[in-house]
């Protein structure tokens, strides 16, 4: 007997012995299993979660171990969520069975029954349903109380107000009492959002929800449907007298332009937010209509539409491309735009994928928005230099700026940015001097035309107030363009992905000047060394760091020291396809928290 016990202990020690140094993901996986057998569940869970979610390695098996670790740590609710997420991905009955077992072990047979009802029918599911059904009738079963019996009316209404439209609709199916309560509470239906693009949205559905409002006004309508009857929906808004709408968000919807503007005239007087996306209506027509119909509009978003075919007012500036930094439109053109009706209430403007947009089109819009604080240009056809030239003479209160070049123009920009084709820069110092409204948020992506002198001029006087700086893909930016005598003491987010001209010394200095950094992206760079990592370790509030695809020239000691120093603040560390060893990758997985674990 003693011999058998000795043999059993010997075999167990071999099976669960500490693995060798990690050389592959399989070795990391074996390390996680070893930690699990050693009942070091927190560290094991972190590794299994990183392997399954970030590296897509043995996702199903890693998910099973995650559930076991969470149960051992008494995070049973999070374990159920893992099961349900896996059930969505692979449609396997095992995850429904595991989730139902968790509830049954807690004597919560009602929730176990609900989980099993979602699963596809099979022998195992039917057997589990029988056990759950019998458990519901047992005296030890947790009894459910109707919240409508326990909560005051105002509290119950506020709970339902936290739900989105699909969840609210699902609640109407709980019982006849709930349906009667919800349908007869008009304040729950004054904000409607339809966002399933693959599903047809008939006008009858809109009318059904509007009928629940009674005399309560509709305040928000969101429609992101490609299969929607645009004209019918706009007519329904007019017929239901939705003239107190505050937010109208419509994209990918075909309608008659005349009907759109008629509806806008009816509902536009109280609009605070307008989002339009589609080819039915042209950008210029929207801008010209807003001063007359939407006098309280603060937030305007227009995407995936065309500019006007011909606008005589832009004739004086149409031939001016403003390709050299410092160029300006002729005074006659500016005077023509200034004489148009202003949009004084506009605070934020977002233009995405506007076909036919030119510098003169952009100027004709932003000049009319003197109080604008935020400008977003996504998939923009106008290059960054003309955009800067337009902004230098207008929008003095602008503090939030985002720009992303249209991807089909990037190849042309790369050709233009070659040394033999660099345009001369007419820089009038300083073009951007904003003592009262300094830049707070600057995001400029993939321009290939942004040089050191341009970015220094653009950020002049704003470095101490800047909170977000995102220069992804600007390959011409070097240390000289970012390093200033004034430290970036307010900077919280620094994104320098694919800024290949930056050096390790420049990065270290920049990080030293930014003590409040919370989010940093240095992916695809080959200049991250020990000095850079030490400066990152000194960022006391660092939460996310992206080093994916980076060529890391760091020692094991420096990396481990960085992980140890920032393990209590760092929530996400991306090391995908970086040149770090698997041993250090495993160390980071084991030490950094994943959610609550």
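Residue numbers (full-length UniProt numbering): 1 to 597.
By construction, the Cβ of each residue, glycine as well, lies at the ideal position given by its N, Cα and C atoms.
Burial state of residue i, where buried means 16 or more other Cβ atoms lie within 10 Å
i: residue 386; result: buried
i: residue 162; result: exposed
i: residue 1; result: Because residue 1 sits at a pLDDT of 43, beneath the cut-off of 50, its placement in the model cannot be relied upon, and the point is left open.
i: residue 105; result: exposed
i: residue 421; result: The predicted model places residue 421 with a pLDDT of 44, which falls under 50 and marks its position as unreliable, so this point remains unresolved.
i: residue 302; result: buried
i: residue 450; result: buried
i: residue 540; result: exposed
i: residue 282; result: buried
i: residue 151; result: exposed
i: residue 153; result: exposed
i: residue 556; result: exposed
i: residue 90; result: exposed
i: residue 66; result: buried
i: residue 38; result: exposed
i: residue 587; result: buried
i: residue 174; result: exposed
Extent of the continuous beta strand (DSSP E) to which residue i belongs
i: residue 380; result: 374–380
i: residue 405; result: 400–405
i: residue 520; result: 519–521
Anticipated Cβ contact below 8 Å, residue i with residue j, distance rounded
i: residue 598; j: residue 502; result: This structure gives no information on residue 598, because the portion of the chain shown stretches from 1 to 597.
i: residue 142; j: residue 107; result: 6 Å
i: residue 69; j: residue 50; result: About 13 Å separates the two Cβ atoms, so there is no contact after all.
i: residue 395; j: residue 375; result: 7 Å
i: residue 116; j: residue 125; result: 6 Å
i: residue 249; j: residue 222; result: 4 Å
i: residue 636; j: residue 256; result: The structure shown has nothing for residue 636, since the chain only spans 1 to 597.
i: residue 338; j: residue 367; result: 6 Å
i: residue 197; j: residue 224; result: 6 Å
i: residue 465; j: residue 75; result: At roughly 42 Å, the Cβ-Cβ gap does not stay under 8 Å, so residue 465 and residue 75 are not in contact.
i: residue 109; j: residue 132; result: 5 Å
i: residue 63; j: residue 78; result: The Cβ separation is near 12 Å, so there is no contact.
i: residue 365; j: residue 287; result: 6 Å
i: residue 28; j: residue 589; result: 7 Å
i: residue 441; j: residue 392; result: The Cβ separation is near 18 Å, so there is no contact.
Residues that DSSP places opposite residue i in a beta bridge
i: residue 470; result: 443 and 495
i: residue 573; result: 545
i: residue 159; result: Note: residue 159 sits in no beta bridge, so no partner.
i: residue 273; result: 247 and 299
i: residue 154; result: According to DSSP, which records beta bridges pairwise, residue 154 is partnered with nothing at all.
i: residue 218; result: Paired residue(s): none; residue 218 is not in a bridge.
i: residue 192; result: 221
i: residue 366; result: DSSP lists no partner for residue 366.
i: residue 99; result: None, per the DSSP bridge assignment.
i: residue 306; result: 355
i: residue 348; result: 299 and 374
i: residue 529; result: 553
i: residue 201; result: 228
Within 8 Å, strictly: CB atoms of residue i and residue j
i: residue 512; j: residue 491; result: no
i: residue 443; j: residue 402; result: yes
i: residue 293; j: residue 277; result: no
i: residue 215; j: residue 192; result: no
i: residue 382; j: residue 358; result: yes
i: residue 446; j: residue 405; result: yes
i: residue 264; j: residue 289; result: yes
i: residue 559; j: residue 584; result: yes
i: residue 188; j: residue 168; result: yes
i: residue 600; j: residue 506; result: What the structure shows of the chain is the stretch from 1 to 597, and residue 600 is not part of that stretch, so it cannot be assessed.
i: residue 542; j: residue 520; result: yes
i: residue 437; j: residue 489; result: no
i: residue 582; j: residue 23; result: yes
i: residue 578; j: residue 537; result: no
Terminal residues of the alpha helix (DSSP H) in which residue i lies
i: residue 78; result: 76–90
i: residue 292; result: 283–293
i: residue 123; result: 123–136
i: residue 589; result: 582–591
i: residue 506; result: 504–512
i: residue 329; result: Element bounds for residue 329: n/a, residue is neither H nor E.
i: residue 37; result: 25–37
i: residue 43; result: 41–49
i: residue 481; result: 479–482
i: residue 254; result: Here residue 254 belongs to no alpha helix (DSSP H), and DSSP marks it neither H nor E.
i: residue 67; result: 59–72
i: residue 118; result: 109–118
i: residue 180; result: 176–183
Cβ-heavy atom distance, residue i to the ligand PLP, below 7 Å
i: residue 186; result: Although the ligand PLP was asked about, the structure shown includes no ligands whatsoever.
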